[in-house]
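Read the structure below first, then the notes.
Numbering (the UniProt record's numbering), first residue to last: 1 to 126.
See the structure below:
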């Protein structure tokens, strides 16, 4: 199922046409139809996801669960997860995995620095 197919399904469920949706979101005519063959840009994808209250991952076919990550996980870091997913929407899975690996390495580095800082602060308090 393409991104367009998922958008069409959601629009049908709300009894609005693709043309009406494009007007409501202030998209150019037939711009959503191009999603049949092209990956949408992140901003437009997010706008459609927000309109329907679904996740961008659902629209892209990465999950069959339409619930946005923000609704599923309100814990620390949940904004970062959503940000990462939205900003990697245009990449293929191999590119996304490469970015994810780099991000994990950098996150490990930042967590280690935070632990060291916390240990120094605790040592000063004693």
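Heads up, the beta-carbon is just placed ideally off N, CA and C, and yes, glycines get one too.
The model shown is predicted, which means the values in this text are computed figures rather than measured ones.
Test item: CB-CB of residue i and residue j under 8 Å
i, j, result
"residue 42", "residue 1", "no"
"residue 45", "residue 32", "no"
"residue 54", "residue 10", "yes"
"residue 96", "residue 107", "no"
"residue 63", "residue 35", "no"
"residue 49", "residue 39", "no"
N-terminal and C-terminal residue of the alpha helix (DSSP H) that residue i is part of
i, result
"residue 122", "93-125"
Coarse secondary structure for residue i, derived from DSSP in three states
i, result
"residue 42", "helix"
"residue 21", "helix"
"residue 62", "coil"
"residue 7", "helix"
"residue 15", "coil"
"residue 34", "helix"
"residue 49", "helix"
"residue 56", "helix"
Sequence-distant residues of its chain with Cβ nearer than 8 Å to residue i (five each side left out)
i, result
"residue 18", "7, 8, 11, 32 and 33"
Integer-rounded CB distance, given that residue j should sit under 8 Å from residue i
i, j, result
"residue 91", "residue 99", "7 Å"
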